[in-house]
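Position in the sequence shown (from 1) plus 78 gives the number in the working numbering. Every residue gets a Cβ at the ideal spot worked out from N, C-alpha and C, and that includes glycine. This one's a predicted model, so the numbers in the text were calculated from it and none came from an experiment.
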Amino acid sequence: MTATDVGAIVVGGGLVGSAAAWQLARRGREVLLLERFGPGHLHGASHGASRIFRRTYADPTYVRLAQEAETAWHELEQRTGADLLTRTGGVDHGSAQALAGLVATLRSLDEPHELLPAAAATERFPGLAFETDVLFSPATGRVHADRAVAALQQAAALEGAEVRHHARVASLELAGDAAVVELEDGTRLRTRELVVAAGAWAHDLVGHLVPLPRITVTQEQPAHFQAGVPTEDWPAVVHHARPGDGSPADAYALATPGEGYKVGFHGVGPVVHPDERDYAATPEGLAQLRAYVTRWFPGLDPATADPISCTYATTDDEHFVLDRRGPLTVAAGFSGHGFKFGPVLGRVLADLVDGRPAEAMFGLEAVRTSARGLSTGSS
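Shown next as structure tokens:
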């Protein structure tokens with residue numbers, strides 16, 4: 079079958095692919111966005127109602143990306159009328175080494191922050207418990223995930239992009255300076271500008287075409303908990319775990335209006351293939367999460383745990399993959415902390431299509447230096 083020529087094709091209609099479609103379309107590209115599932119599906123990493131937005135990183139690259147992202151989220155709100163970003167403030171606590179790295183970077187970039195003793199933080203934020211100094215960031219908040227994806231697709235369509243759901247890609251191949259996309263229904267499409275943002279399916283779709291670093295897909299199981307008082311204005315929490323903290327890894331928490339206060343561990347779920355998940359919380363993991371909430375969130379009722387299922391696609395160093403080889407641009411490995419950057423990731427991908435490089439740390443190396451502990455998730 080002869081392939082139909084298309085200006086630019088984006089494979090993957092989650093957060094990052096939808097952002098890329100918007101940014102490419104607003105630059106005048108003819109854009110076709112292909113999404114395997116229907117709108118608002120639960121099979122990837124972009125669903126739900128809450129993700130942490132924060133600028134608290136030890137790596138200045140991520141702080142700068144988050145600064146740019148905040149402006150872009152507000153621009154998207156104005157373009158679509160969607161209510162996406164809510165500022166609540168946020169706290170980091172736990173490891174003294176992690177806090178020192180955060181404070182040093184925030185000071186160097188003139189980012190507003192405040193360092194509180196544990197007792198003062200407990201008094202300011204009833205319902206939360208602390209044993210170490212606490213870093214408070216007033217810029218932290220949450221993004222409504224489902225609305226964000228819908229708004230990005232709406233903005234892309236307003237710029238002329240075609241958004242096509244239930245369009246599963248069967249294969250991708252490179253042919254000289256072009257890429258050929260074959261859909262499950264037999265349709266063949268040809269483009270010189272292919273962006274693949276396939277999340278947990280990255281290796282399946284492009285692993286044979288480019289040297290992806292190792293990306294481990296896990297099924298995570300945070301849960302919503304209830305309190306005797308409203309939690310919508312509680313700060314988001316990032317807990318940098320120390321020995322004896324009762325956590326298998328760093329942890330995070332934030333309010334999800336109408337659903338409760340979400341608490342989860344960062345990247346500890348079982349390794350899965352995204353097409354072979356059971357979407358079920360393990361009894362052991364749920365018991366550990368309840369015990370953690372009992373210790374660190376006295377304002378929550380641990381018996382009310384309502385588990386959620388999502389995936390992480392994590393690189394060994396927890397840096398993203400944002401790179402281009404010939405007609406193929408790849409976005410992958412967002413490691414549980416990519417959501418906050420959504421519109422900016424789309425901008426970076428559009429820049430790559432235009433021939434401008436991304437940060438070297440986001441490259442397509444086959445092996446990258448391990449640097450675990452970079453980030454904490456649900457954002």
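Own chain, CB closer than 6 Å to P114, minus 5 neighbours either side, in chain order: According to the sequence provided, residue 114 is Arg. The question's Pro does not apply to it. Exclusion of the five residues before and after R114 leaves R246 as the residues of its chain whose Cβ lies within less than 6 Å of its Cβ.
In the DSSP assignment, find the unbroken alpha helix (DSSP H) run with A223 in it and report its ends. Counting along the chain, A223 sits inside the alpha helix (DSSP H) bounded by residues A223 to L236.
Using the Cα positions of L332 and E237, report the straight-line distance between them to the nearest angstrom. 33 Å
Cβ of L267 within 7 Å of Cβ of V109? no
Pair every Cβ in the stretch 213-230 with every Cβ in the stretch 119-138, then say whether three or more of these pairs are closer than 8 Å. Cβ pair count under 8 Å is three or more, so yes.
Under three-state DSSP, which class holds L184? helix
Buried or exposed, going by whether 16 or more other CB atoms sit within 10 Å of the CB of H244? exposed
Just mark D323 as buried or exposed, buried being the case when its beta carbon has 16 or more other beta carbons within 10 Å. buried
Give me the Cα-Cα distance between R373 and G411, rounded to the nearest whole angstrom. C-alpha of R373 to C-alpha of G411: approximately 32 Å in a straight line.
Would the C-beta of G238 count as close to the ligand NAD, meaning under 6 Å from any of its heavy atoms? The ligand NAD is not part of this structure, which contains no ligands at all.
Quick one: grab the DSSP three-state call for E113. coil
Under 7 Å between C-beta atoms of L378 and F303: yes
So, is G336 buried or exposed, given that buried needs 16 or more other C-beta atoms within 10 angstroms? So G336 ends up on the exposed side.
In the DSSP assignment, the alpha helix (DSSP H) including E240 goes from what residue to what residue? Annotation: E240 is outside any alpha helix (DSSP H); the continuous beta strand (DSSP E) that includes it extends over E240 to R242.
Out of V212, P117, Q231 and A103, point me to the one whose CA is closest to H317's CA. V212
Hey, P313 and G172 are a contact pair by Cβ (cut 8 Å); roughly how many whole angstroms apart? Not quite, the Cβ-Cβ distance comes to about 15 Å (not below 8 Å), so this is no contact.
Answer with buried or exposed for H351, where buried requires no fewer than 16 other C-beta atoms within 10 angstroms of its C-beta. exposed
Bridge-paired residues (DSSP) for H318: Partner residues in the beta bridge of H318, as assigned by DSSP, are G172.
In chain order, what residues of the same chain have a beta carbon less than 7 Å from the beta carbon of P145, not counting five sequence neighbours either side? Contrary to the premise, residue 145 reads as Gln rather than Pro in this sequence. So the list reads R133, once near-sequence residues are dropped.
At which residues does the alpha helix (DSSP H) containing L290 begin and terminate? Premise fails: L290 is in no alpha helix (DSSP H) and is neither H nor E.
Out of A99, R129 and E362, which has the shortest C-alpha to C-alpha gap to T334? R129
Is the number of C-beta pairs between the stretch 265-279 and the stretch 84-94 that are closer than 8 Å three or more? The stretch 265-279, when compared against the stretch 84-94, does touch it at the 8 Å Cβ threshold.
Under three-state DSSP, which class holds I87? strand
Note down, in chain order, each residue of its chain lying with its Cβ closer than 6 Å to the Cβ of L400, except the 5 sequence neighbours on either side. A409, V426, A436 and F440
Could you tell me the distance, in whole angstroms, from the CA atom of G338 to the CA atom of T309? 7 Å
Return helix, strand or coil for P352, following the three-state DSSP convention. helix
Any idea which residues DSSP pairs Q366 with across the strands? Its beta-bridge partners do not exist; DSSP assigns none.
Would you mind listing the alpha helix (DSSP H) stretches within the stretch 136-162 that are 4+ residues and don't spill past its ends, in chain order? As far as the stretch 136-162 is concerned, its whole alpha helix (DSSP H) runs of at least 4 residues are 138-158.
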